[in-house]
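With full-length UniProt numbering, the residue at position 172 of the sequence shown is 172, and numbering never jumps. Notes for the one structure printed next.
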Amino acid sequence: MEVKVLKTSPSICNPQLFRSPRPSSLFSLQTKKNPSFRLLAASTGHGVRPTHSSDASPPPPPPPLRSSKKRVDESEILTLDSIRQSLIRQEDSIIYSLLERSQYCYNADTYNRNVFYMDGFHGSLVEFMVRETERLHAQVGRYKSPDEHPFFAEDLPEPMLPPLQYPQALSKRIHYGKFVAEAKFRASPEAYEAAIRAQDRDHLMRLLTYETVEAAIVERVEMKARTFGQELNGNGDQDGSPIYKIKPSLVADLYGDWIMPLTKQVQVEYLLRRLD
């Protein structure tokens, strides 16, 4: 189950949350080959000691090494408050990605599967670029994180290393619903267990829906889009109203019509398997 990856994480809003416990670069791999040697040197305070002659008494053994890492209480990690802070920051990523995309005109040919031809691939240029990008990212373990979901999962190679495009930002935001669902389940398991055992999707959707919270999110992202998306060139319309790079209402509609409904679908699918 996805939530198991949180057991050793210090915070839900910490970027270390979804990092693989295995070294993620060649540099970290080199430093982890002999951890006991480094710990011994650190504990003695003198680094590597010279060997002793046979007539000298052997040095006393070093004290046993104890890990200072404290066990993490999952109940303190997976809370709605901590998850909410991460979701708010993801709003910024999505809005900024939309603003970046708004700099370029729409090119229909890049989305047409019959315009570009690549050996061994039938699809649009955009699909080809996304697939090849995901293949590259997969080699460094990106999709081993529980909040990363590729669009071309069947074509991904295995990672070669130990374990800012807005569709990826949207995918991350939507699939974050798994953590929201887990937090809600832990907050009141008795309210969800009956619906889960009955596999009642409609009842789960009702339990997960908070219209006042959703309305507040839509209002917040529209306000952010108004703030971040203004053209700051000193010139506005003749009536003095600001000029926006993208319509703030489009961002609000994106959240209200797509992101939050899809997020709740992810939550429902997660909860249906929660008691397995």
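Glycine included, every Cβ here is placed at the ideal spot set by N, Cα and C.
Distance between residue 186 and residue 114, taken at the CA atoms: about 49 Å.
Classified as exposed, residue 103 has fewer than 16 neighbouring CB atoms from the shown chains inside 10 Å of its CB. Under the three-pair Cβ rule at 8 Å, the region 217-225 counts as touching the region 80-99.
Unbroken beta strand (DSSP E) stretches of 3 residues or longer found wholly inside the region 104-133: none.
Taken through DSSP and simplified to helix, strand or coil, residue 139 comes out as coil. In the three-state scheme derived from DSSP, where H, G and I count as helix and E and B as strand, residue 244 is classed as strand. The three-state reading of DSSP puts residue 230 in strand, counting E and B together.
For residue 270, the enclosing alpha helix (DSSP H) covers residues 260-272. Pairing residue 254 with residue 94 gives a Cβ-Cβ distance under 9 Å. Listed in chain order, the non-local C-beta contacts of residue 124 below 8 Å within the same chain comprise 110, 111, 112, 113, 115 and 116, local neighbours out to five positions each way being set aside. The distance from the Cβ of residue 195 to that of residue 208 is about 10 Å, inconsistent with a contact at the 8 Å cut-off. For residue 93, the enclosing alpha helix (DSSP H) stretches over residues 80-101. Counting C-beta pairs closer than 8 Å gives fewer than three between the region 256-271 and the region 130-137, which falls short of the contact rule.
126 is the residue among 126, 118, 120 and 92 whose C-alpha sits nearest the C-alpha of residue 106. Within the same chain, and ignoring the five residues on either side of residue 175 in sequence, the residues whose Cβ sits closer than 7 Å to its Cβ are 147, 149 and 266. Assignment of residue 223 by DSSP, reduced to helix, strand and coil, places it in the helix class.
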